[in-house]
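Note that the sequence shown covers residues 15 to 384 in my numbering.
Working notes for the structure below.
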Amino acid sequence: MLERANIVIVGGGVVGLAIAAELSKDNDGVFVFEKNKRLGQEASSHNSGVVHSGIHYPKNSLKAKMCVAGNKMIYDICTKGGIPFKKLGKLTVANEEGEFREIELLRRQGEENGVEGLEVLDAEGVREMEPAIRAEQALYSPSSGIIEPDYLLEYYESVTKINEGVIATDTEVKSIRKRDTGYELGVRNGESNFSLMVNTVINSAGLSADRIAQIAGMDTEALGYRLHLCKGDYFRIADRPPVKHLVYPVPEGPGLGIHLTPDLSGSVKMGPNAYYVSNIGYSVESSVEDFRKDVSRYLPSIINMRIKEDSSGVRPKLQGPGEGFRDFVIREEGDKGFPGFYNLIGIESPGLTASPAIASYVSTLYADSA
Ligand SMILES: Cc1cc2nc3c(=O)[nH]c(=O)nc-3n(C[C@H](O)[C@H](O)[C@H](O)COP(=O)(O)OP(=O)(O)OC[C@H]3O[C@@H](n4cnc5c(N)ncnc54)[C@H](O)[C@@H]3O)c2cc1C
Numbered sequence: 015m016l017e018r019a020n021i022v023i024v025g026g027g028v029v030g031l032a033i034a035a036e037l038s039k040d041n042d043g044v045f046v047f048e049k050n051k052r053l054g055q056e057a058s059s060h061n062s063g064v065v066h067s068g069i070h071y072p073k074n075s076l077k078a079k080m081c082v083a084g085n086k087m088i089y090d091i092c093t094k095g096g097i098p099f100k101k102l103g104k105l106t107v108a109n110e111e112g113e114f115r116e117i118e119l120l121r122r123q124g125e126e127n128g129v130e131g132l133e134v135l136d137a138e139g140v141r142e143m144e145p146a147i148r149a150e151q152a153l154y155s156p157s158s159g160i161i162e163p164d165y166l167l168e169y170y171e172s173v174t175k176i177n178e179g180v181i182a183t184d185t186e187v188k189s190i191r192k193r194d195t196g197y198e199l200g201v202r203n204g205e206s207n208f209s210l211m212v213n214t215v216i217n218s219a220g221l222s223a224d225r226i227a228q229i230a231g232m233d234t235e236a237l238g239y240r241l242h243l244c245k246g247d248y249f250r251i252a253d254r255p256p257v258k259h260l261v262y263p264v265p266e267g268p269g270l271g272i273h274l275t276p277d278l279s280g281s282v283k284m285g286p287n288a289y290y291v292s293n294i295g296y297s298v299e300s301s302v303e304d305f306r307k308d309v310s311r312y313l314p315s316i317i318n319m320r321i322k323e324d325s326s327g328v329r330p331k332l333q334g335p336g337e338g339f340r341d342f343v344i345r346e347e348g349d350k351g352f353p354g355f356y357n358l359i360g361i362e363s364p365g366l367t368a369s370p371a372i373a374s375y376v377s378t379l380y381a382d383s384a
């Protein structure tokens, strides 16, 4: 006889765990299945750890709404949970006419999205904040900051467990069949396999989220759910940290531009860049000299600094090469013939920042469709 579970969340990254923490407050039988031996080993541990403010996303997009709400929620969680964070503030810097226009657009967009405290600084204002940075103008966003993603992950994990949710690692969802009374999952656990009937499936599988929707029977091409892998490499400045704030160029291409991110110890990471790849892999492939050249446009002293290779991450992007903005897909798929099946697809940046807001959004969708 098949066992039965109430809610299965596929994927134990920061978003899947945030959803588990939220849903397990009011629901019994919440399970998280994570295919790797440890939680959060994919995008959730290969990112910049930036708590974004919400200036980068179009008004009314889920990315904008979830980021702005998530920003406040993350700082609350950190404060209440004793999780280290630094609200450093961020400068988006500009040196050319086209970039000045972009700064103005970001300011307006940010204000429309509800980002508080934005301020456009002139060259002197920038120099006062960051003497090493060369910029004619900058947009200052005081609500941007940094966290250590592992601590947030641990927080969501412990809340889920306190609420009696179950988290299973080394547990991979291999097949999903729609049945009259829910979904039948074929699951690998370690070396063995089992089947499970489930009322609700939440697909939070990050880089594999399109694949999970596909094995459930959805036509991911037709639905526009196909993911493109977009890699980003990081290098680290080995000399004395040249900045105290987050410093970003005006965004260009599929990423946010090669930026400077101090971590909680003050050491400064450069990156990530953004390039499309066909396979998931975490080795740094970019040239340090390309990074040095890009960053020298706003940090001239980078030319003489010692730089070492750091890490890389892979973004699950709905937007393919050369395509425009794509929003997060977060929806219950009842209207497509898959009631009780929730897809979270394309949860790239600002997914870490947005994680608590996404969790509360999914919880509202769940309550509305119950
Ligand atoms: C380079 C880079 C920089 C970033 N910087 C930032 C930043 O500064 N700020 C920010 O807010 N966001 C940032 N992000 C985005 C953020 O990291 C992600 O949005 C977030 O981690 C997504 O979490 P997730 O749980 O959806 O995905 P993941 O962490 O990828 O988790 C998905 C999980 O699903 C599991 N899984 C997949 N298939 C199965 C299966 N069949 N069965 C069971 N488990 C399965 C995977 O093993 C994985 O652990 C960045 C991302 C990248 C790549």
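Every residue, glycine too, gets a C-beta built ideally from N, C-alpha and C.
| Item | Value |
| --- | --- |
| Taking just the CA atoms, how far does Gly-220 sit from Gly-25? | 7 angstroms |
| Roughly how many whole angstroms lie between the Cα atoms of Ala-83 and Ser-363? | 14 angstroms |
| In angstroms, rounded to a whole number, what distance separates the CA positions of Leu-119 and Asn-127? | 12 angstroms |
| Kindly list the residues whose CB is nearer than 8 angstroms to the CB of Val-309, restricted to its own chain and excluding five residues on each side of it in sequence; keep chain order. | Ile-272, Leu-274, Met-284, Ile-316 |
| Let's see if you can read the secondary structure: which residues bound the alpha helix (DSSP H) around Asn-85? | 76 to 95 |
| Answer yes or no: the CB of Glu-362 versus the heavy atoms of ligand 1, is any distance below 8 angstroms? | yes |
| Since Ser-160 and Asp-277 should fall inside the 8 angstroms C-beta cutoff, what is the C-beta to C-beta distance between them, to a whole number of angstroms? | Checking the sequence shown, residue 160 turns out to be Ile, not Ser. So it is a contact: roughly 6 angstroms between Cβ atoms. |
| Can you tell me whether DSSP reads Asp-233 as helix, strand or coil? | coil |
| Just to confirm the assignment, what range does the beta strand (DSSP E) spanning Lys-322 have? | 321 to 331 |
| May I ask you to report which of helix, strand or coil DSSP gives Lys-39? | helix |
| Report the rounded CA-to-CA distance for Asp-194 versus Asp-349, giving the unit in angstroms. | 16 angstroms |
| Please return the same chain residues whose Cβ sits closer than 6 angstroms to the Cβ of Asp-184, not counting the five positions on each side in sequence. | Lys-51, Gly-204 |
| Can you give the Cα-Cα distance for Asp-224 and Lys-188, rounded to whole angstroms? | 13 angstroms |
| Hey, would you say Arg-240 sits closer than 9 angstroms to Leu-332, going by beta carbons? | yes |
| Helix, strand or coil, according to DSSP, for Asp-247 in the structure here? | strand |
| With a threshold of 8 angstroms (Cβ to nearest heavy atom), would Arg-340 be considered close to ligand 1? | no |
| Based on the DSSP secondary-structure assignment, which residues constitute the bridge partners of Gly-196? | Arg-193 |
| Measuring only the C-alpha atoms, how far is Pro-335 from Lys-258? | 33 angstroms |
| Going by CA-CA distance only, name the one from Ser-62, Asp-247, Asp-304, Asp-324 that's closest to Val-291. | Asp-247 |
| For the beta strand (DSSP E) that contains Tyr-289, what are its first and last residues? | 289 to 291 |
| Under 7 angstroms Cβ to Cβ from Met-15, same chain only, skipping five residues before and after it: list those, please. | Annotation note: pLDDT 43 at Met-15 (below 50); position unreliable, coordinate value reported separately. So no residue of the chain qualifies. |
| Taking all protein chains shown into account, do 16 or more other C-beta atoms lie within 10 angstroms of the C-beta of Thr-367, making it buried, or fewer, making it exposed? | buried |
| Does DSSP put Ala-146 in a helix, a strand or coil? | coil |
| State the DSSP-derived secondary structure class of Thr-214, mapped to helix, strand or coil. | strand |
| Quick check: is any heavy atom of ligand 1 less than 8 angstroms from the C-beta of Val-187? | yes |
| Measure the CB-CB distance between Val-212 and Arg-340 and report whether it falls below 9 angstroms. | no |
| State the beta-bridge partners of Val-64 as determined by DSSP. | Ile-160 |
| Between which two residues does the alpha helix (DSSP H) harbouring Tyr-375 extend? | 365 to 383 |
| To the nearest angstrom, how far is it from the Cα of Leu-135 to the Cα of Ser-325? | 32 angstroms |
| Looking only at C-alpha atoms, which of Met-319, Pro-265, Ser-383, Ser-58 sits nearest to Thr-106? | Pro-265 |
| Given Asn-20, which residues of its chain have a CB within under 7 angstroms of its CB, disregarding the five upstream and five downstream residues? | Asn-41, Asp-42, Gly-43, Val-44, Asn-213, Thr-214 |
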